[in-house]
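In what follows, a single structure is set out as structure tokens and then discussed.
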Amino acid sequence: LTDPGYRLLAHCTEKTSVPGAPAQWQRVFAAFGLELEVIATGCCGMSGTYGHEARNLATSKTIYAQSWQPKVEDPTHAGRLLATGYSCRSQARRLSDATLPHPLQGLLAALQQATRE
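Below is the structure:
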């Protein structure tokens, strides 16, 4: 498989509920010969429905800008970032106009690319 060097932005609830989840994702990718670097991040600012509420919009944007935005908008991460959380992916699209695939989508893309080679 062609390895673009994927980078994972894990959902904050996932990291607190299942602390080993990022390492589990790394093992899944490694089983296919792919590298998955876990990028340290805090909350994306959505926190479930919190970021959807109009009264929380400014705070949600501030939280996103503190942790996720610099990583999402870093050009060295282009085409490599994956995110586990639906709300995190929605926030990245809303505030950075970035599409972050789920890790399974990234894995599928790598497998599809391998079948074309």
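To get the numbering used here, take the position in the sequence shown, counting from 1, and add 14.
Virtual Cβ for every residue (Gly too), placed ideally from N, Cα, C.
This structure is a prediction, so every number in the text was calculated from the model and none was measured.
Rounded to the nearest angstrom, how far is the Cβ of G47 from that of R94, given a contact under 8 Å? Between R94 and G47 the Cβ distance is about 16 Å, and since that is not below 8 Å, they are no contact.
So L96 is in the beta strand (DSSP E); what residue range does that whole segment cover? L95 to A97
To the nearest angstrom, how far is the alpha carbon of A24 from that of Y78? 14 Å
In angstroms, rounded to a whole number, what distance separates the CA positions of E51 and P36? 9 Å
Residue range of the unbroken alpha helix (DSSP H) whose run includes L71: L71 to V86
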